[in-house]
Structure formats: structure tokens, C-alpha cells
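Single-structure report; data block below.
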Ligand SMILES: [Zn+2]
């Protein structure tokens, strides 16, 4: 499944958050071969080591996807990925990588610039939230838990707490903060909507910031809680306006503008900061 396939009615995609190159695979001969040969149904994955022009070896995830129609090389905060259609040979994939070695180096370099530190028990001294860095105070306790106390974030955890339990506690904290923000903003917009959203949920999305399904469920990217609040609010308003227009027509943007006149600034914020926000959350939550 490609990263953008889960967009339904509305979606916001970070420009450049997922850099990719594609090539249509094969001509008529391959097409005949494709019709005759049974297609594998499952997506197979493995990884290979690939040497960049500067001699550095990088891991490239190789995905054999029967639904893919072309060779595709993409880079996001998780690294490089090569997608092969069902009938593409491994050699053609390798050749594709070699041809785009420089592009791959440049894209990976871009992501290295935004690499964020991981969460370390007792060591991490601050946490990002609402566009700022907050001092973090570690306290001993039996169950991993994160709370805000005034201007400090308090992380309670046992000495031997597993990384997974710490990450779960932080994820819960971020989700509750996100729900609180949405709960604070939502009432002001409900009166002018044709219907309320059925549900608002947070998920970790790779390249999107939010989406609205046809049955009225809003999904918001969890890394929005790290963004400056106005930008987070804009994404909420954007998805809510899809309850009026399920597209990005001029009428849609008029509805956004009525409710959020500065929407262009916020969209610009995601263009410059979006990649870093997603990389930061990924580093913290794994
Ligand atoms: Zn949209």
C-alpha cells in the first residue's frame, strides 16, 4: 500500500515529506507475461545494502507489491524504500537504484538533517509540545506515566521500565493533549457545519496531517501536538470543512477562509516544519 492510498475524501499531504521517483514497468511483452503468470498476492519485503556515491552503505527496504504498477523509489523519515511490481526483476530494481544514486543520497541527507533524539529513560531533558520545548522531570514510580505540571512535563517511570512502556506512556500523553486541544477548538466550529464529525481520532500518519472518511470520521496525525497550535487548529478546520465539500475546490477554500483567514501561513508552516515534526515524533515513539 502506498503511503497516500489511505486518503479518502480529504487529505493534507506534506509537500516533500515523501520524496519519490517512479518508473512504469515493462512494455507489451511484460504485459502478456503478467496476464499468463499467476500473480503473487502478498506483499513481500526484504532489505538490501546499497552503496552511495560517497561510499556509505545504506539499508534499502525492498517491497514486492503485486498492486504496484511501476518501479518506485521513495524516501521518508524511515529511510529508503524500493517498490517492485509483481513482474519486475530484482536486477531491474538494482539498476533503478544505481541510476538514482545521487537523488537517493540527496534525499537521505535531507532526512539526516532533521534526525531527532530518541527518548531515553532518565536522560531526555526536554520534550516537544505545542511548538515549544518543555523541560522534562523524571520521577521514580511503578507505572510509566506522563503528566504536565505547570511549565514542566513529569515522566514517572520505574528504573527498569521498558522502552516500549515509556513510549506507550508518552504516546498516551500526546494523545490526551491532542484531544484536549481539539475539545477546546471544536465547539466554535460546530454551529456552522452541516453535521458534526462522527469521531475524531489520532493516528500516526506517514505523509498526511489529517483525513476525513466518507462516513464522517476525522483522523488527525499525532505529530500535530508537536506543531504550533494555530497550525494544528488549521488542520482540524481543514478536515471539518470537508464535511461541507469533499474536495479542494474553490468553494472548499472559501469555507476554510471564512473560519480560518490565515490558513496560507499555516499551510506554509507544514511545508517548512512538517518533515521535522514527523521525524521528531518517530524518534520519540519509535
Ligand atoms: Zn483536504
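Residue numbers (my numbering): 1 to 286.
Built from N, CA and C at the ideal position, the CB exists for glycine as well.
Can you tell me the Cα-Cα spacing of residue 93 and residue 106, whole angstroms?
When rounded, the separation of the alpha-carbon atoms in residue 93 and residue 106 is 19 Å.
Separation of residue 231 from residue 288, as counted between CA atoms
Outside the displayed range of the chain (1 to 286) lies residue 288, so it cannot be described from this structure.
Are the stretch 248-257 and the stretch 80-98 touching by the rule of at least three beta carbon pairs closer than 8 Å?
Touching, no.
Please tell me whether residue 220 and residue 286 are closer than 8 Å, where the distance is taken between their beta carbons.
No, Cβ-Cβ distance for residue 220 and residue 286 is not below 8 Å.
So, helix, strand or coil for residue 26, using DSSP?
Only weak support exists for where residue 26 lies, its pLDDT of 49 falling under 50; the value from the coordinates is given anyway. Coil at residue 26, not helix or strand.
When every heavy atom of ligand 1 is checked, does at least one fall within less than 7 Å of the C-beta of residue 242?
At least one heavy atom of ligand 1 falls within 7 Å of the beta-carbon of residue 242.
Taking 7 Å as the line, does the beta carbon of residue 245 fall inside it for any heavy atom of ligand 1?
False, no ligand heavy atom lies under 7 Å from that Cβ.
Does the Cβ of residue 98 have 16 or more other Cβ atoms within 10 Å, making it buried, or fewer, making it exposed?
It is exposed - the Cβ of residue 98 has fewer than 16 other Cβ atoms within 10 Å.
What separation, rounded to the nearest whole angstrom, lies between the Cα atoms of residue 227 and residue 130?
When the Cα atoms are used, residue 227 and residue 130 turn out to be separated by approximately 5 Å.
Give me the Cα-Cα distance between residue 203 and residue 222, rounded to the nearest whole angstrom.
For residue 203 and residue 222, the distance between alpha carbons rounds to 5 Å.
Here's the rule I'm using: 16 or more other beta-carbon atoms within 10 Å means buried, otherwise exposed. How should residue 265 be labelled?
With fewer than 16 Cβ atoms within 10 Å of its Cβ, residue 265 is classed as exposed.
With three or more C-beta pairs closer than 8 Å as the rule, is the stretch 148-166 touching the stretch 183-203?
Flag = no, the stretch 183-203 and the stretch 148-166 do not touch.
For ligand 1, I want to know if residue 184 counts as a neighbour, meaning its beta carbon is within less than 7 Å of at least one of the ligand's heavy atoms.
No; taking the cut-off as 7 Å, the Cβ of residue 184 has no heavy atom of ligand 1 nearer than that.
Rounded C-beta distance between residue 155 and residue 186? I'm assuming under 8 Å.
That belief does not hold up - the Cβ atoms of residue 155 and residue 186 are roughly 29 Å apart, past 8 Å.
Expressed to the nearest angstrom, what Euclidean distance is found between the alpha-carbon atoms of residue 189 and residue 263?
Approximately 15 Å between the Cα atoms of the pair.
Given residue 280 as reference, the closest of 119, 108, 215 once Cα atoms are compared
Of 119, 108, 215, the smallest CA-CA separation from residue 280 is found for 119.
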